[in-house]
Amino acid sequence: MAGCAATESQRSFGETVDDSVISSKVKTALFNEPSLSGFEVRVRTHQGRVQLSGFVSSREDIDKAVEIASGVEGVRSVENDMQLK
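With the UniProt record's numbering, the residue at position 10 of the sequence shown is 10, and numbering never jumps.
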């Protein structure tokens, strides 16, 4: 049947909700980390793969953010696009 084949870019409502929940959990975990609370780290999630971007002040902050995000339930992988201020 024409038009019935799903593409990888098409996602179910459940997948979108799951990614939103993961993003919220990662944002909360990062916000609750005192060493990262003063920085704006952006979080995007697609199929459990988390992308972190924004600016932090040290390599240790980047490592900490990646560690925290990796520990959140549902996260399959973390891509670090953060930069030093």
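Beta carbons: idealized from backbone N, C-alpha and C, even for Gly.
### Query
Whose C-beta lies closer than 7 angstroms to the C-beta of E33 among residues of the same chain, with five residues either side of it excluded?
Counted from its first residue, the sequence shown places residue 33 at position 33. The answer, listed in chain order, is K64 and I68.
### Task
Could you have a look at residue 105 and say whether DSSP puts it in helix, strand or coil?
Absent from the model: residue 105. The displayed extent of the chain is 1 to 85, so no value can be given.
### Query
Do G54 and D18 have their C-beta atoms closer together than 9 angstroms?
Start at 1 with the first residue of the sequence shown, and residue 54 comes out as number 54. Start at 1 with the first residue of the sequence shown, and residue 18 comes out as number 18. No, the Cβ-Cβ distance between G54 and D18 is not below 9 angstroms.
### Message
Threshold first: 3 residues or longer. Then list the beta strand (DSSP E) segments lying entirely within the UniProt domain "BON" (18 to 85), N to C.
### Response
Correct list: 41 to 46, 49 to 56 and 77 to 84.
### Message
Using only the alpha-carbon positions, how far apart do S58 and T45 sit?
### Response
Numbered from 1 along the sequence shown, position 58 holds the residue referred to as residue 58. Numbered from 1 along the sequence shown, position 45 holds the residue referred to as residue 45. Between S58 and T45, the C-alpha separation is close to 24 angstroms.
### Message
Just to confirm my understanding: we take residue 95, look at its own chain, exclude 5 residues before and 5 after, and list those with CB closer than 7 angstroms. What are they?
### Response
Past the edges of the chain, shown from 1 to 85, lies residue 95, and the structure says nothing about it.
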